[in-house]
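Visitor:
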Amino acid sequence: MLRKKKRLVLLVMLAAMLALAACGGSGGGGSDSKGGANSGNGGSSSGGGDQAAEIDASKLPPYEVILMYPGSPQPDEKLVEEAMNKILKEKINATIDIQPIDWGAWNDKMNLMFASGEKADLVFTASWNGHVDNVTKGAFVELDGLLEKYGQGILESIDPFLLEGARVKGKLYAVPTNKEIAASWGVLVRKDLADKYNMDFSNVKTLADLEPFLQIIKENEPDVTPLFQSSTQTLVGYVNGYDNFGDPGVPGSVKFGSTDPTLKYLIEEPEYLENLRLLRSWYLKGYINEDAPTSTLQANETARTGRVFMWPESLKPGKDKEMESTIGFPLTQIEIVPPYITTADTTNSMIGISRTSKDPERAMMVLNLLHTDKELLNLLDWGIEGVHYVKVPGNDNMIKLPDGVDPSKRAYNHGSQWMFGNQFLSYLWENEAPDKWEQFRKFNESAEPSLSLGFTFDPSNVKAELAVLNNIRDEFTAALETGSVDPDEVLPKYIEKAKEAGAYKVLQEKQRQLDEFLAAKK
Amino acid sequence: MMLPTIVLLLINNYLPIAGLIIAFKNVNYVDGVFGSPWNGLNNFKFLFSTRDAWIITRNTLLYNAVFIASNIIVALIFALMLNELRSRWLPKFYQASMFFPFFLSMVVVSYLVFAFLSKGNGFVNNNLLPFFGMEPISWYQEPKYWPFILPLINIWKNAGYYTVFFVASMVTISHEYYEAAVIDGASKWQQAIRITLPQLMPLVTVLTLLQIGRIFYADFGLFYQVPLNSGAIYSTTNVIDTYVYRALLTLGDFGMSSAAAFYQSVVGFVLVFLSNYIVRKLDRENALF
Amino acid sequence: MLKRGLNSVHPATGALFHIIFILYTILCIVPIFLVVAVSFSDELTVVANGYQFIPEKFSTYAYEFLFKDSTQILRSYGVTILVTATGTLLGVSMMAMYAYPLSRNDLPFRGPLAFFVFFTMLFNGGLVSFYLVYVRFLGLKNSLWALILPLLVAPFFILVMRTFFKNIPSELIEAAKIDGAGEFRIAGTVIFPLSVPILATVALFTVLNYWNDWFMSLLFISDDKKVSLQYLMYKTMLNIQYLTSNTQAAQGIAQGGSAVELPSETVRMAMCVVGIGPIVFAYPFFQRYFVKGLLIGAIKG
Numbered sequence: 001m002l003r004k005k006k007r008l009v010l011l012v013m014l015a016a017m018l019a020l021a022a023c024g025g026s027g028g029g030g031s032d033s034k035g036g037a038n039s040g041n042g043g044s045s046s047g048g049g050d051q052a053a054e055i056d057a058s059k060l061p062p063y064e065v066i067l068m069y070p071g072s073p074q075p076d077e078k079l080v081e082e083a084m085n086k087i088l089k090e091k092i093n094a095t096i097d098i099q100p101i102d103w104g105a106w107n108d109k110m111n112l113m114f115a116s117g118e119k120a121d122l123v124f125t126a127s128w129n130g131h132v133d134n135v136t137k138g139a140f141v142e143l144d145g146l147l148e149k150y151g152q153g154i155l156e157s158i159d160p161f162l163l164e165g166a167r168v169k170g171k172l173y174a175v176p177t178n179k180e181i182a183a184s185w186g187v188l189v190r191k192d193l194a195d196k197y198n199m200d201f202s203n204v205k206t207l208a209d210l211e212p213f214l215q216i217i218k219e220n221e222p223d224v225t226p227l228f229q230s231s232t233q234t235l236v237g238y239v240n241g242y243d244n245f246g247d248p249g250v251p252g253s254v255k256f257g258s259t260d261p262t263l264k265y266l267i268e269e270p271e272y273l274e275n276l277r278l279l280r281s282w283y284l285k286g287y288i289n290e291d292a293p294t295s296t297l298q299a300n301e302t303a304r305t306g307r308v309f310m311w312p313e314s315l316k317p318g319k320d321k322e323m324e325s326t327i328g329f330p331l332t333q334i335e336i337v338p339p340y341i342t343t344a345d346t347t348n349s350m351i352g353i354s355r356t357s358k359d360p361e362r363a364m365m366v367l368n369l370l371h372t373d374k375e376l377l378n379l380l381d382w383g384i385e386g387v388h389y390v391k392v393p394g395n396d397n398m399i400k401l402p403d404g405v406d407p408s409k410r411a412y413n414h415g416s417q418w419m420f421g422n423q424f425l426s427y428l429w430e431n432e433a434p435d436k437w438e439q440f441r442k443f444n445e446s447a448e449p450s451l452s453l454g455f456t457f458d459p460s461n462v463k464a465e466l467a468v469l470n471n472i473r474d475e476f477t478a479a480l481e482t483g484s485v486d487p488d489e490v491l492p493k494y495i496e497k498a499k500e501a502g503a504y505k506v507l508q509e510k511q512r513q514l515d516e517f518l519a520a521k522k
Numbered sequence: 001m002m003l004p005t006i007v008l009l010l011i012n013n014y015l016p017i018a019g020l021i022i023a024f025k026n027v028n029y030v031d032g033v034f035g036s037p038w039n040g041l042n043n044f045k046f047l048f049s050t051r052d053a054w055i056i057t058r059n060t061l062l063y064n065a066v067f068i069a070s071n072i073i074v075a076l077i078f079a080l081m082l083n084e085l086r087s088r089w090l091p092k093f094y095q096a097s098m099f100f101p102f103f104l105s106m107v108v109v110s111y112l113v114f115a116f117l118s119k120g121n122g123f124v125n126n127n128l129l130p131f132f133g134m135e136p137i138s139w140y141q142e143p144k145y146w147p148f149i150l151p152l153i154n155i156w157k158n159a160g161y162y163t164v165f166f167v168a169s170m171v172t173i174s175h176e177y178y179e180a181a182v183i184d185g186a187s188k189w190q191q192a193i194r195i196t197l198p199q200l201m202p203l204v205t206v207l208t209l210l211q212i213g214r215i216f217y218a219d220f221g222l223f224y225q226v227p228l229n230s231g232a233i234y235s236t237t238n239v240i241d242t243y244v245y246r247a248l249l250t251l252g253d254f255g256m257s258s259a260a261a262f263y264q265s266v267v268g269f270v271l272v273f274l275s276n277y278i279v280r281k282l283d284r285e286n287a288l289f
Numbered sequence: 001m002l003k004r005g006l007n008s009v010h011p012a013t014g015a016l017f018h019i020i021f022i023l024y025t026i027l028c029i030v031p032i033f034l035v036v037a038v039s040f041s042d043e044l045t046v047v048a049n050g051y052q053f054i055p056e057k058f059s060t061y062a063y064e065f066l067f068k069d070s071t072q073i074l075r076s077y078g079v080t081i082l083v084t085a086t087g088t089l090l091g092v093s094m095m096a097m098y099a100y101p102l103s104r105n106d107l108p109f110r111g112p113l114a115f116f117v118f119f120t121m122l123f124n125g126g127l128v129s130f131y132l133v134y135v136r137f138l139g140l141k142n143s144l145w146a147l148i149l150p151l152l153v154a155p156f157f158i159l160v161m162r163t164f165f166k167n168i169p170s171e172l173i174e175a176a177k178i179d180g181a182g183e184f185r186i187a188g189t190v191i192f193p194l195s196v197p198i199l200a201t202v203a204l205f206t207v208l209n210y211w212n213d214w215f216m217s218l219l220f221i222s223d224d225k226k227v228s229l230q231y232l233m234y235k236t237m238l239n240i241q242y243l244t245s246n247t248q249a250a251q252g253i254a255q256g257g258s259a260v261e262l263p264s265e266t267v268r269m270a271m272c273v274v275g276i277g278p279i280v281f282a283y284p285f286f287q288r289y290f291v292k293g294l295l296i297g298a299i300k301g
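Now the structure itself:
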C-alpha cells in the first residue's frame, strides 16, 4: 500500500516550476540562435533559391544534435552514432546523440522534457501522440523558415500532401517521414488455409462478404480461431470507412470519399449498428475469440501460434509479405477500405524540433540530411554495413543479416525505421518485394486525398467533455465492437451516455473548426 | 537528530508542492507556470460533470473502506493465530508464505486471475463450476461479482504485509501479563481480547488513520490491470485513479491531472483530519498529531 | 515462536489453526509455482493452451531472451543492490532518528512535527515539479542518488515506528538519564536494541520498496548502465500496457508501418521471477528479528 502508485503515461503530469524552465526556454522562438551566424551568405546560391543557405562546415561551431524517439535502446548504438558522426562532422560539423526512449516511458519523459526545458533537438511526434496539443503548448519550433533555408532536400523529395497534412493552423511544426502517405484498411489472412479451401477473395467488398470464409474455417478447422480481435484491434474499429481525423476518441467523422463536410457521429450511423450486429452474430457463432474484449494479446502474437485465420490490420502494398517473416506463416491481405490520404496518415510519423534546442538550424540540417543522404539514413535505420547487415549480392539496395548472426540477438534493431527521414532511400530486406518503393509511389499516387487533409482538431475548448467521453468510450467500445454484447441493447445506452456527456458539443466544435479550415483553404 | 529527515522532506516533498497551482492553470510551455493563464475551476469539471463522477467516488470510498477494515481484521486474526501455534518453525513458514503475494506485480496478478476467471479456459469455469453443476459465468462482463473479487484479491495480496506489523508488535508485549492472566484463570480467548488486542490498539489506530488519509487513492494496478480494463464492468471497477488515467491518456492535460490529484489530496486530508480529531477525543495518545 | 506450556490452546483449536494456515499458504504459494512453471514453458503452447502447472513443453527460451544481454542484467542487479543497501541503511536510521524523539512526551512541538511528516503523505505537488527539483535544483539527473533519495524517508513508517517507541517504558529512559547518558546515547544503547522487531520490519519494507522501484529509473536515468533491475524488467510491461490500452497509439503505429515487438507471456513471467527471485530471500533474513523473549528479558536484568 505504501508504494506510491505511480500512474503510467500522462496521469500524474503536473507542470513545472517553470521559473526554472523559463530559463531553459532560451531555445524557443526558432531561428534566432547563434547557429545562424554561419556562412549563410558565403556560398553563391545557384539559381532562384536565394533562401537556401549554403553550408560551409568549417565555419560552423560544433554542435551535438539529440534525436529522441520511442523505441528500445540498442546495444550497438554508440557504434552507429560514431559512423554517423563521421558523415555529419564532415558535412555540417555536427554530431548526433541518439536517445531512444521506451514506449512505456515515452509520454512521461517527453512531457517532462518539454516542461523542464531540457535540451533536445529532433523529437518524434505524431498526431496520435499529442502533436497538436504540444504545438498549442509551444513545444515545437515553427519550421517554414528553417525549411526554406536548410531543408531544400526535404522540400524537393517529400510528397507535398505530406507537408500539407502536417500543418497545424496553417503552420508547419514537424516534418513527416517520407513514406506511404495513405493506408488502406482490411484484414490479413492465412494464405495456406485460404488456399486449402480454395477461397477466392476477389469479390470481398464489405465486412459481410467475409462471413462465408469464416464459416468454412469454423466448420473445418476446430483449432483455429476464424477471426481474432482484441480490445484495441477490432474489425469495426479498423475497417469502418470513416475518417475520424486521427483520433477515434473525438466524435465527428466523415465518410471516406465524401465531399460533404458535415460531420456525423459514427456511433449513431445506421451502418455502425449494422456492423455491430454482424459482429455480434459472428461472436455468437463462435467465429471470434471469446476473450476478445479483454484480450491484451496482439494479433501478431497469437497469429504466430498458427491458431488464427484472420485479423484486422492497416494495409499497404506488400504488408502481407512484410508480416510473413514476423508471423511465420504465408499471408495474404484483403483490402476493404481503399487508400485515402488523411491527416492521420500523413501525420502518424513526424520529426519536430523542440523549443529547447539550442541550434534549431543545425537540427534542421541533420533532418535534411536524413531525407537526402542515403548513407546516413541507412546507418540510422539499419546500422553498419558488414556488422549489422550485408548487401545481397547483385542488388545494391537489398540487405540481409550477415552470416552467423542470430536473428533474435541483433545488436541494432530498433524497428523504428518508419520514423526517420525519407524512407524511399532506405534499403529493403531480402524478403521484401524489390520494387516495394515503386509500389509505394504508385500507391501514394492512387490514393485520394480526403477532404479533411490538413485539418487537425484542437481540443482546447472541450477538454473536460473529452475526458469524460474517453471513459465512456472505453466502457463500451471494446465490448460492442468485438461482438461480445448485444448491440441493440447496449448501443443505445452508449449513445445516451455520450450525448449526456456532451458529445454533440464536441461535434459542433469540431464542425466549426472544420468549416473554418475549409473556408481558409479556398 | 531529526534534522536530516526534515531537510530531506523539505526538498523532496515540500518544495515540489508549489506545483499544486497547476490545478488552476491552463499551462503552456512558453509561459511557464507563473505566466500561464489562470483557468479557474475548469480543470476540475471532468471530475464532477457526469453521473460517472458519483460512481467513481462511491467505488473509491467503498472499496477503500472495505480494504482498510478487512486488511486489518484479517491481519489481526492471522497474527493472533500465529501467536498461538506451538511449533517453532511452522509459524515462520506460514508467515513467510503469506508474504509471497505481496511481491507479485499487479500485472502478473492480472494474468493469474485471468487463468482463473477466463470465460473459456479459466479454472473456475472449467473445473469448479461444473463440479457444482453451475453454468459458466462471463466474469469479465458481469459487474456484480467484482465487489467481492477485488477485496479478496486485495486481502490475499496484502494480509501478509500487515500481519508482519502485528506480529512484530506482539513480540514486544511483556510475558508477564500473560503469566498473570493464566494465574487468574483466564482462557486463551480472554487473554487475546483483554491483553493482546488492547496492546495492539495503538498500532491499529495508526495504521487505520494513515490509510484513511489515502482513502481517495486506489491501487491502480488492482483496479486497472486485474479487471483487464474491461468496459463492461466499469460500474464496479472504475475508481478515481482509473477514471483519470483513461480520461487523460490521450488528452495529456497537465492541469486536469493536477486537478484530480488535488481533489484526492484534499478529500483525504479532510477525512483524516476529522478522524484524527475523533481519535484525539477518545484517546489522546493514539492520535496521529 | 513462543512456546507455551500450560498456557496453550486446546489441541483441536491448534489443529484448526494449522489447517487454515496450510490452506492459505497453498493459496499464496501455488501462484508462484505457476508463474515459474509458465516461465519455463514454450511460448507458443502457452498462448495456445493457457497456463499449466507442468509445462506442456519445457523451454528456457524466456530466460535466454532475458539474459541475452547478461552484462546489462548483472549491472542492473549491481545497481539495485547498491541502491537498496545504501538506501535502507540510511533511510531506516533517519526515520528512526525522527520517530524516536517524536515518541517522547517531552519533545516540544511534537504535534506539528508529526503533522509535518504526515502532510507529505497527503499532498503531492506533482510529477513535473518533483522532477524539476531533482534535475534542476539538485542536479541529480542520471545519478544513483536520484534513485536513493526519494524513497529514503517514508512518513508511513515514521509514524508506525513512533507507536512502537512509545511502548518502551519510560522508566528505562529515566534510568539511563540518571546514569548521565545523553540523548544519543540513550537512543543507541537503550531504545534501539529494544526496538529490533520494528526496525527489522521497517528495514524489510524499505528493502522491498527500493528493490521494487522502477519509477525513479524511468524518470531520472537515461544511461542504461544505471537503471534498476525492476525497471529493466518492467519497462517491457509498460510498453505492453501502453500499446494495448491506447487504441490511438496502436492504430497510429500500425498505420506508421511498424510492428512493435512485445514479449510473449512466458517472457513476462520470467521477468517476474528474475525481478522478485532474490528478494524473496530477504524476508526470512529479517524474520529472525521478529523474535521476542531475549530482548524484553534483558530489561529485567
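Line order of the protein sequences matches chains A, B and C.
For the first sequence, my numbering gives the first residue as 1, with consecutive numbering after it.
For the second sequence, my numbering gives the first residue as 1, with consecutive numbering after it.
For the third sequence, my numbering gives the first residue as 1, with consecutive numbering after it.
We treat Cβ as the ideally placed atom computed from N, Cα and C, and that holds for glycine.
Quick check on the burial criterion: 16 or more other C-beta atoms within 10 angstroms. Buried or exposed for F58 (chain C)?
Guide: So F58 (chain C) counts as exposed.
Visitor: Would M350 (chain A) and T125 (chain A) be called neighbours here (beta carbons separated by less than 8 Å)?
Guide: Yes, the Cβ-Cβ distance between M350 (chain A) and T125 (chain A) is below 8 Å.
Visitor: If you drop the 5 nearest sequence neighbours on each side, which residues of the same chain put their C-beta closer than 7 Å to that of G241 (chain A)?
Guide: Same-chain partners within the cutoff: K255, F256, V337.
Visitor: Kindly list, in the order they appear in chain A, the residues whose Cβ is closer than 9 Å to that of D52 (chain B).
Guide: Neighbours of D52 (chain B) on chain A, chain order: V468, N471, I472, E475, K497, A501.
Visitor: Under a CB-based cut-off of 8 Å, is F46 (chain B) close to chain A?
Guide: F46 (chain B) counts as touching chain A.
Visitor: Quick one: measure Cβ to Cβ for T136 (chain A) and D458 (chain A), integer angstroms, because I've assumed they're closer than 8 Å.
Guide: At roughly 6 Å, the Cβ-Cβ gap stays under 8 Å, so T136 (chain A) and D458 (chain A) are in contact.
Visitor: Could you check the C-alpha separation between N154 (chain B) and A181 (chain C) for me, to the nearest Å?
Guide: Each residue's alpha carbon lies about 47 Å from the other.
Visitor: Can you look up V92 (chain C) in the DSSP assignment and give me helix, strand or coil?
Guide: Three-state DSSP puts V92 (chain C) in a helix.
Visitor: What does DSSP give as the partner residues of F286 (chain C) in its beta bridges?
Guide: Partner(s): none; F286 (chain C) has no beta bridge.
Visitor: What three-state label does DSSP hand T225 (chain A) in the structure shown?
Guide: T225 (chain A): strand per DSSP, three-state reduction.
Visitor: By Cβ distance below 8 Å, which residues in the same chain neighbour I92 (chain A) in space, the five residues on each side in sequence not counted?
Guide: Closer than 8 Å at Cβ, skipping near neighbours: I55, A57, L60, R362, M365, V366, L369.
Visitor: Taking S143 (chain C) as the query, report the chain B residues whose CB atoms sit under 9 Å from its CB, ordered along the chain.
Guide: Neighbours of S143 (chain C) on chain B: none; closest Cβ ~15 Å, over 9 Å.
Visitor: I'd like the span of the alpha helix (DSSP H) that includes S325 (chain A), first residue to last.
Guide: Its alpha helix (DSSP H) spans residues 319-327.
Visitor: Which residue comes first and which comes last in the beta strand (DSSP E) that contains M398 (chain A)?
Guide: Looking at the DSSP string, the run of the beta strand (DSSP E) that includes M398 (chain A) is 398-400.
Visitor: Sorted by chain position, which residues of the same chain lie with C-beta nearer than 6 Å to Q211 (chain B)'s C-beta, five sequence neighbours on each side aside?
Guide: Cβ within range, chain order: I68.
Visitor: Express the C-alpha separation of L188 (chain A) and S526 (chain A) in angstroms, rounding to a whole number.
Guide: The requested residue 526 (chain A) is not part of the displayed model; chain A covers only 1 to 522.
Visitor: Whose C-alpha, out of C:F115, C:V46, C:Q287, C:G277, is nearest the C-alpha of P197 (chain C)?
Guide: The residue with the shortest Cα to Cα distance from P197 (chain C) is C:Q287.
Visitor: Whose C-beta lies closer than 7 Å to the C-beta of S27 (chain B) among residues of the same chain, with five residues either side of it excluded?
Guide: Here the sequence assigns Val to residue 27 (chain B), which means Ser is not the residue at that position. V33, S36, F254, G255, listed in sequence order.
Visitor: Who are the Cβ neighbours of V279 (chain B) in its own chain at under 8 Å, not counting the five residues just before and after it?
Guide: Answer for V279 (chain B): T205, L209, N286, A287, L288, listed in chain order.
Visitor: Between the stretch 22-35 of chain B and chain A, which residues of the former have CB atoms less than 7 Å from a CB of the latter, in chain order?
Guide: Here the close residues are I22, V27, N28, Y29, V30, G32, V33, F34.
Visitor: Considering Cα atoms alone, identify which of A:V141, A:E211, A:I334, A:Y494 is closest to L279 (chain A).
Guide: Minimum Cα distance to L279 (chain A) is reached at A:E211.
Visitor: How do the stretch 468-484 of chain A and the stretch 284-296 of chain A stand: do at least 3 beta-carbon pairs fall below 8 Å, yes or no?
Guide: Counting Cβ pairs under 8 Å, three or more are found: they touch.
Visitor: Do the CB positions of A182 (chain A) and D345 (chain A) come within less than 8 Å of each other?
Guide: Yes, these two residues count as a Cβ contact at 8 Å.
Visitor: For R284 (chain B), is the classification buried or exposed, using 16 other Cβ atoms within 10 angstroms of its Cβ as the cut-off for buried?
Guide: With fewer than 16 Cβ atoms within 10 Å of its Cβ, R284 (chain B) is classed as exposed.
Visitor: Is M1 (chain B) helix, strand or coil when you go by DSSP?
Guide: If DSSP states are grouped into helix, strand and coil, M1 (chain B) belongs with coil.
Visitor: Counting only C-beta atoms, is K312 (chain C) closer than 8 Å to chain A at any point?
Guide: Residue 312 (chain C) is absent from the structure shown; chain C starts at 1 and stops at 301.
Visitor: Given this structure, state the Cα-to-Cα distance separating K499 (chain A) from E301 (chain A), to the nearest angstrom.
Guide: If I take the Cα positions, the gap works out to 37 Å.
Visitor: Within this structure, are the beta carbons of T236 (chain B) and N71 (chain B) separated by less than 8 Å?
Guide: No, these two residues do not count as a Cβ contact at 8 Å.
Visitor: Measure the alpha-carbon distance for G186 (chain A) versus R355 (chain A) and round it to whole angstroms.
Guide: Roughly 39 Å between the two C-alpha positions.
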